[in-house]
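The numbering of the sequence shown is my numbering, which starts it at 13 and goes up by one.
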Amino acid sequence: MTMSKPGEAIAAALAALEDFPLLQGPRVRLRGPREDERDAQGLFAVFGDEQVMRYWSRPPMQAMSEAHELIAQIRKGMAERNLINWVIADGDDAVIGSCTLFRFDANHRRAELGYALHPAQWGLGIAREAATLALDWAFDTLGLHRCDAGIDPANAASRALLHRLGFVTEGVQRESFFVGERVTDSELLGLLVKDWRAARSRH
């Protein structure tokens, strides 16, 4: 029997997923969004908040219909295996944020990480817990070699979180996002599997 190449194994693992992987942490879980009003309200509370969207690549949601559209887009992305966009759910299973792996490149064994969290949950280590669940799955289960992230350079809190996770700032893309008429740079960060495992072994 011939061994498959790592890229082929990653592509096969993504294709074999029947639904969103359910990832459980001490305080939160990552799960797929449900097509119901409760999840839509939770997502609207996050993505309709101006503080959350200050450094995002789109303006805040204005109507609940946008949250329902987002759920449909998330589920479509999962069906097509081009993104895994979990919701972050608290102990009561209420949506308090979002954590995403996207831009999968199976051949080069990498993807990109994104996240958003309701302001009421900031400063509690919730985003770090959620991102850790996603990264553990990406590296240990899926077999990625690298994970990327991009932030607005003005977003010091997000940079600090990514650096705590082991990401390294590798450069800046100038004027790469428009939000309305405002254009922003994108700070590019990367995390290698060897650095992730070394960081975990120290904790």
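All C-beta atoms in this analysis are idealised placements derived from N, C-alpha and C, irrespective of residue type, glycine included.
By the C-beta density criterion, D152 is exposed, having fewer than 16 other C-beta atoms within 10 angstroms. Excluding the 5 residues flanking it on each side, P38 has same chain C-beta neighbours closer than 8 Å at E141, in chain order. L200 is the residue among L200, A128, I138 whose C-alpha sits nearest the C-alpha of S188. Nearest Cα to W68 within the set E124, R214, F190, P33: F190. Under DSSP, T196 forms a beta bridge with F189. Between the C-alpha atoms of R212 and D148 there is a straight-line separation of about 10 Å. Closest by C-alpha distance to P71, out of G44, R194, H80, is R194.
Around the beta carbon of G109, a 10 Å sphere encloses 16 or more other beta carbons of the protein chains shown; the residue is thus reported as buried.
Following the DSSP letters along the chain, one finds D117 inside the beta strand (DSSP E) bounded by residues 107 to 117. The three-state secondary structure of Q36, taken from DSSP, is strand. Annotation for E78: the continuous alpha helix (DSSP H) segment containing it runs 76 to 91. Uninterrupted beta strand (DSSP E) stretches at least 3 residues long and entirely within the segment 113 to 161 occur at 122 to 129, given in chain order. Relative to C159, the option among R43, L177, A172 whose CA is nearest is L177.
Listed in chain order, the non-local C-beta contacts of R121 below 8 Å within the same chain comprise P18, G19, I22, G155, L156, H157, R158, local neighbours out to five positions each way being set aside.
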